[in-house]
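Comments concern the structure below.
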Amino acid sequence: MTAAAAKVTESARVTVPAGVTFPVTDVRTSTAAPAAALTATQIVLDSTTAQLRISLRAGASTFTPPKVGAATWSAGDVSWNAAAWTAAVGTSGTLTQGSYNVVATCNANVTGCSTTALVFTLAPKTTVKRSGAHTMIVTWKFESF
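Quick note: the sequence shown uses the numbering used here, first residue 591, plus one each step.
Structure (structure tokens):
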């Protein structure tokens, strides 16, 4: 007799925005990016009470300006809304380099959660005088708890 076993590890298939662009036309006012979509499907966790937490962290304390030494935005100048989600609860937050901040928590015992209404906002920064692409890399984190 041979015993057969299937070992299933926790997993999910996720889709995050490839990028977020703030169409800044006036550095004296906040600028909202177009709404972003985010999905987690095929969620498999270790219990029916476990949840999937989605978080975000900045890769640097400031954006990289288009010219070295030019004034730019800090990570903390980026915030997001508590977007409406399907099978999850959105949390508003602010980007930081030092830690991950929660964007949403998927409900327990679901196979997927998603939003198409995640809006990132860039704070005003009157010291910015250089046009061009100010860029920053961010890291998404998906974890069960």
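Ideal Cβ placement from N, Cα and C applies to all residues, glycine included.
- When secondary structure is reduced to three states using DSSP, ALA648 falls in the strand class.
- SER734 is not a Cβ neighbour of ALA608, given a cutoff of 7 Å.
- With a 10 Å radius around the Cβ and a threshold of 16 neighbouring Cβ atoms, VAL598 comes out exposed.
- For ALA707, same chain residues with a beta-carbon under 6 Å away, outside a window of 5 residues either side, are ALA625, ALA673, ALA674 in chain order.
- In the three-state scheme derived from DSSP, where H, G and I count as helix and E and B as strand, GLY609 is classed as coil.
- In this structure, the straight-line span from the alpha carbon of PRO613 to that of THR701 is close to 35 Å.
- About 6 Å separates the Cβ atoms of ALA713 and SER620, confirming a contact at the 8 Å cut-off.
- Within the region 641 to 719, the runs of beta strand (DSSP E) at least 3 residues long that lie entirely inside it are, in chain order, 642 to 648, 668 to 670, 678 to 680, 691 to 696, 703 to 708, 710 to 712.
- Here LYS731 is bridged, per DSSP, to SER645.
- Counting along the chain, VAL634 sits inside the beta strand (DSSP E) bounded by residues 626 to 634.
- Take the alpha-carbon of VAL728 and the one of VAL610: they are about 10 Å apart.
- The DSSP-derived three-state label of THR619 is coil.
- By a beta-carbon distance limit of 8 Å, LEU646 contacts LEU685. Their separation comes to about 7 Å.
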